[in-house]
DNA sequence: GAAGTAATACTACTCGGGTAATAGTGTAAA
DNA sequence: TTTACACTATTACCCGAGTAGTATTACTTC
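Residue numbers (our numbering), protein chains in the order written: chain A, 2 to 128; chain B, 2 to 128.
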């Protein structure tokens, strides 16, 4: 089990983000939180959560007849999996290629650039 | 039309990669090329190509009764779309966050790091 | 001209994401 | 104690990726 955490649908990801943020949430809470994005039926969220639980992405406990959901996978694990998947499948594992792509196609603030620079310098020292 | 190029399945991506690499290819060629990975029926490739054409990802012309396929979307456009999608949905658009993730979880060669460093310095100068 | 061969066309099925209506259930309020 | 209300459970679709068997078509070669 614990299959492919690297492929999460958009809605699933949104739900995970809510759970990571709040650490736990009831269905109404999640539904409420996501309403800003797009109109989604309450049952859509509830169904999705049940499917996600079957897939091992979330867990729930019952509290006063309400389902309280929590994430069953950690955010950094998922981010890592998803990013690595893309990196390996699209850029043959070359981080430089990937970043160069982003650099050439997006506006990146000077702050971001500096932050990046620091990160890399740090990393070079360590290794 | 020209919808979501940011979500390509693994097989579709593999096929696109073959086409980008060779610039054009017949079904047997593509099938042959992908055989190293995994056993896939010839018809699987053919069907997939037809579906991809319907989706606007590839085109074909006929040459001596054979379909010669070519990519209908450019590699950099797709890479960009896919990477940006991930960046925006997983890291709220912060390139630094994304890279930091990768840096902390992967072995990156000193060469890659230097390359990255150069890229960023370049970019800072330009802007 | 019949048979073999190589290609495409058609059809079909599974699976998972997404979406939601409807049914059921249990507690709270009137 | 009947009725609302607020949840969860069940069921049902659609869509696209993936996979591939079977049918058809059109050359080639006896």
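Each residue gets a CB set at the ideal place from its N, CA and C atoms; glycine is no exception.
Here the structure is a predicted model, which means the values were calculated and not measured.
Practice prompt. Output, in chain order, the set of chain A residues within a Cβ distance shorter than 7 Å of residue 27/B.
Written response: Those within 7 Å of residue 27/B in chain A number zero; the least Cβ separation is about 24 Å.
Worksheet item: Hey, which unbroken runs of the alpha helix (DSSP H) at 4 residues or more fall wholly within the segment 49-95 of chain A?
Response: Correct list: 76-91.
Discussion item. Considering only the alpha carbon of each residue, which of 39/B, 78/B, 102/B lies closest to residue 85/A?
Written reply: The candidate whose alpha carbon is nearest that of residue 85/A is 102/B.
Worksheet item: Which residues bound the alpha helix (DSSP H) around residue 123/B?
Response: Where residue 123/B is concerned, the enclosing alpha helix (DSSP H) starts and stops at 111-127.
Worksheet item: Residues in its own chain within less than 8 Å of residue 69/A by CB, not counting five upstream and five downstream?
Response: Excluding positions up to five away in sequence, the list reads 25, 26, 27, 61, 62, 63.
Worksheet entry | Pairwise C-alpha distance: residue 100/A and residue 100/B | Their Cα atoms are separated by approximately 8 Å.
Practice prompt. Would you check if there are 3 or more beta carbon pairs closer than 8 Å linking the segment 34-51 of chain B to the segment 10-17 of chain B?
Written response: The segment 34-51 of chain B, when compared against the segment 10-17 of chain B, does touch it at the 8 Å Cβ threshold.
Discussion item. Is the beta carbon of residue 117/A closer than 8 Å to that of residue 121/B?
Written reply: Their beta carbons are under 8 Å apart, which means residue 121/B touches residue 117/A by this criterion.
Fill in: Separation of residue 105/B from residue 125/A, as counted between CA atoms
A straight-line Cα-Cα distance of about 12 Å links residue 125/A and residue 105/B.
Item to complete: Please work out which residues of its chain come closer than 8 Å, Cβ to Cβ, to residue 115/A, disregarding the five sequence neighbours upstream and downstream, and give them in chain order.
Response: Beyond the five residues adjoining it in sequence on each side, residue 115/A comes within less than 8 Å, by CB distance, of no other residue in the same chain.
Fill in: Nearest-angstrom Cα separation, counted from residue 81/A out to residue 130/B
Lying outside 2 to 128, the shown extent of chain B, residue 130/B is not represented and no answer is given.
Worksheet item: Looking at chain A, which residues of the segment 3-23 of chain B have a Cβ within less than 8 Å of any of its Cβ atoms?
Response: From the segment 3-23 of chain B, only 11, 14 have a Cβ closer than 8 Å to chain A.
Practice prompt. Return no unless some Cβ of chain A is closer than 8 Å to the Cβ of residue 100/B.
Written response: Residue 100/B counts as touching chain A.
Worksheet item: So, are the CB atoms of residue 59/A and residue 6/A less than 8 Å apart?
Response: Going by C-beta atoms, residue 59/A is not nearer than 8 Å to residue 6/A.
Discussion item. Here's the rule I'm using: 16 or more other beta-carbon atoms within 10 Å means buried, otherwise exposed. How should residue 97/B be labelled?
Written reply: It is buried - the Cβ of residue 97/B has at least 16 other Cβ atoms within 10 Å.
Discussion item. Quick check: the Cα distance between residue 119/B and residue 89/A, rounded to an integer number of angstroms?
Written reply: When rounded, the separation of the alpha-carbon atoms in residue 119/B and residue 89/A is 22 Å.
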